[in-house]
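There are 2 protein chains.
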Amino acid sequence: MNQPSLPSPSIRGPADHDIRNQIVAAANEHFSQYGYGKTTVSDLAKAIGFSKAYIYKFFDSKQAIGEAICSQCLAEIVAAVEQAISEEGLSATERFRRLVKTLITTGVNLFFNDRKLYDIAAFSASERWPSSQVYNARIKRFVLQIVREGRELGEFERKTPLDETVDAIHLALRPFVNPLLLQHNLDYVEDAPTLTCNLILRSLMP
Amino acid sequence: MNQPSLPSPSIRGPADHDIRNQIVAAANEHFSQYGYGKTTVSDLAKAIGFSKAYIYKFFDSKQAIGEAICSQCLAEIVAAVEQAISEEGLSATERFRRLVKTLITTGVNLFFNDRKLYDIAAFSASERWPSSQVYNARIKRFVLQIVREGRELGEFERKTPLDETVDAIHLALRPFVNPLLLQHNLDYVEDAPTLTCNLILRSLMP
Numbered sequence: 000m001n002q003p004s005l006p007s008p009s010i011r012g013p014a015d016h017d018i019r020n021q022i023v024a025a026a027n028e029h030f031s032q033y034g035y036g037k038t039t040v041s042d043l044a045k046a047i048g049f050s051k052a053y054i055y056k057f058f059d060s061k062q063a064i065g066e067a068i069c070s071q072c073l074a075e076i077v078a079a080v081e082q083a084i085s086e087e088g089l090s091a092t093e094r095f096r097r098l099v100k101t102l103i104t105t106g107v108n109l110f111f112n113d114r115k116l117y118d119i120a121a122f123s124a125s126e127r128w129p130s131s132q133v134y135n136a137r138i139k140r141f142v143l144q145i146v147r148e149g150r151e152l153g154e155f156e157r158k159t160p161l162d163e164t165v166d167a168i169h170l171a172l173r174p175f176v177n178p179l180l181l182q183h184n185l186d187y188v189e190d191a192p193t194l195t196c197n198l199i200l201r202s203l204m205p
Numbered sequence: 000m001n002q003p004s005l006p007s008p009s010i011r012g013p014a015d016h017d018i019r020n021q022i023v024a025a026a027n028e029h030f031s032q033y034g035y036g037k038t039t040v041s042d043l044a045k046a047i048g049f050s051k052a053y054i055y056k057f058f059d060s061k062q063a064i065g066e067a068i069c070s071q072c073l074a075e076i077v078a079a080v081e082q083a084i085s086e087e088g089l090s091a092t093e094r095f096r097r098l099v100k101t102l103i104t105t106g107v108n109l110f111f112n113d114r115k116l117y118d119i120a121a122f123s124a125s126e127r128w129p130s131s132q133v134y135n136a137r138i139k140r141f142v143l144q145i146v147r148e149g150r151e152l153g154e155f156e157r158k159t160p161l162d163e164t165v166d167a168i169h170l171a172l173r174p175f176v177n178p179l180l181l182q183h184n185l186d187y188v189e190d191a192p193t194l195t196c197n198l199i200l201r202s203l204m205p
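Residue numbers (numbering that gives the first Met the number 0), protein chains in the order written: chain R, 0 to 205; chain Y, 0 to 205.
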């Protein structure tokens with residue numbers, strides 16, 4: 000039986016994949032306690048009981064480990080949004096409200112409460128790691144999808160160029176999506192989402 | 000001839016007022032070079048050639064000096080906005096565009112370019128000093144004034160409660176008004192104001 004070749008050259012087999020996951024899980028634990036910025040790969044190797052050289056067999060750098068953690072975390076937010084907005088029979092307006100609400104509650108939880116991933120997410124956002132670029136692009140696609148659907152259903156206005164509408168909404172959501180901005184918005188996560196949602200939805204009225 | 004008594008107890012006469020200004024000017028210079036956070040009143044006293052005790056005759060704390068600098072800086076932004084929007088014969092839409100544009104260009108200049116006041120402004124915003132609260136309230140009053148005028152002229156919709164509209168707009172402008180958010184938005188100050196302005200103005204359409 001022919002097996003398809005594995006997509007990434009750095010993953011050489013199921014065992015390697017397990018070890019990668021093991022390193023990521025241990026690093027996640029370690030970073031959330033000691034911070035990402037201050038930890039070196041040597042610290043990490045010592046803490047999880049692997050040699051530094053062994054870790055470098057699986058990851059090119061500390062950032063590569065951070066990236067893996069970040070990608071996981073941001074993928075969780077995306078999955079939560081996907082689930083919240085994909086329910087059948089919702090209006091585009093309701094889908095948009097769910098998008099915003101889920102983005103904020105999941106983001107606040109992951110970055111600041113449960114797992115204190117803020118430290119890594121902030122590095123990712125400020126240094127524009129691929130994980131945060133992929134995340135931003137994904138959020139923008141959600142916005143595009145909802146705006147397009149709302150326009151097709153006659154729920155939203157169609158005069159403004161679609162690109163401009165999507166860019167402007169994506170920008171208006173940035174304070175709640177980007178962890179660097181979100182950290183200064185934690186006092187606002189109760190009321191602000193509704194106010195911002197309502198303003199955006201008024202701007203979409205036909 | 001009876002002289003009215005001076006309003007603030009800490010300002011005891013024109014000479015004292017001059018000395019206060021002199022301290023503020025010197026502190027401003029010193030902070031912009033060495034940062035507000037790291038400087039102590041002793042450092043400051045040494046740098047400007049006054050005794051620490053003498054400085055404490057005029058200011059209760061380092062924060063009081065920082066506040067004086069911050070108030071001046073934020074008053075400059077407010078004055079610039081006032082001038083930009085008070086021109087006769089403008090539509091409410093045009094006044095709103097000018098409000099946003101002036102807020103951003105003056106803020107970016109004062110906080111980040113010319114005088115590097117970001118350090119102090121960030122303390123003021125994150126610790127909610129009176130100067131930044133007064134500033135926020137003033138910006139909100141500008142928004143209220145323009146929205147109210149636009150409603151009276153029939154330029155803007157009147158269905159949404161005035162309070163909600165003003166709060167939501169004030170919030171949407173926060174990333175460009177609050178220096179803590181603005182620092183992460185410097186890459187966006189070219190295009191974002193127009194996009195955000197257009198979105199807000201669409202939300203105000205009757």
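By construction, the Cβ of each residue, glycine as well, lies at the ideal position given by its N, Cα and C atoms.
Since the model is a prediction, treat every value here as computed from it, not as a measurement.
- Are the Cβ atoms of VAL80 of chain Y and ARG96 of chain Y separated by less than 9 Å? no
- Query: What's the C-alpha gap between SER41 of chain Y and ALA121 of chain Y?
  - Reply: 22 Å
- Item | Contact list for ARG157 of chain Y against chain R, beta-carbon separation under 9 Å | Those do not exist, as ARG157 of chain Y stays about 12 Å from chain R at its closest Cβ, beyond 9 Å.
- Closer than 8 Å at the beta carbon, the chain Y residues around ALA120 of chain R: Within chain Y, no residue comes near ALA120 of chain R; the closest Cβ sits about 13 Å away, beyond 8 Å.
- Give the DSSP-derived three-state secondary structure of LEU5 of chain Y in the structure shown. Because LEU5 of chain Y sits at a pLDDT of 38, beneath the cut-off of 50, its placement in the model cannot be relied upon, and the point is left open.
- Hey, would you say VAL165 of chain Y sits closer than 9 Å to ILE103 of chain Y, going by beta carbons? no
- Starting from LYS56 of chain R, follow the alpha helix (DSSP H) in both directions and report where the run begins and ends. 51-57
- Query: Given a threshold of 16 other Cβ atoms within 10 Å of its Cβ, counted over all protein chains shown, does THR39 of chain R qualify as buried or as exposed?
  - Reply: exposed
- Are the beta-carbon atoms belonging to LEU198 of chain Y and ALA167 of chain R less than 9 Å from one another? yes
- Query: With a cut-off of 9 Å, does the C-beta of ALA171 of chain Y fall near any C-beta of chain R?
  - Reply: yes
- Query: How should ALA191 of chain Y be labelled, buried or exposed, when 16 other C-beta atoms within 10 angstroms of its C-beta is the threshold for buried?
  - Reply: buried
- According to the Cβ coordinates, are ALA83 of chain R and THR101 of chain R closer than 9 Å? yes
- Nearest to THR159 of chain Y by CA position, among Y:ASN27, Y:PRO205, Y:ILE18, Y:GLN182, is which residue? Y:PRO205
- Item | alpha helix (DSSP H) segments (min. 4 residues) lying fully within the region 130-178 of chain Y | 161-176
- Task: Excluding the 5 residues preceding and the 5 following ALA46 of chain Y in the sequence, name in chain order all residues of the same chain whose CB lies nearer than 6 Å to its CB.
- Result: HIS29
- Query: Straight-line CA distance for ASN20 of chain R to LYS37 of chain R?
  - Reply: 22 Å
- Item | Where ASN207 of chain R sits in the DSSP three-state scheme | Since the displayed chain R opens at 0 and closes at 205, residue 207 of chain R lies outside it and no answer follows.
- Task: Check the Cβ-Cβ distances between ILE168 of chain R and every residue of chain Y, and say whether any is below 9 Å.
- Result: yes
- Message: Any C-beta of chain R within less than 9 Å: which residues of the region 175-190 of chain Y qualify?
- Response: ASN177, LEU179, LEU180, GLN182, HIS183, ASN184, TYR187, ASP190
- With a 10 Å radius around its C-beta and 16 neighbouring C-beta atoms as the bar for buried, classify GLY88 of chain Y as buried or exposed. exposed
- Message: Considering just the uninterrupted stretch of the alpha helix (DSSP H) at ASN108 of chain R, what are its terminal residues?
- Response: 91-111
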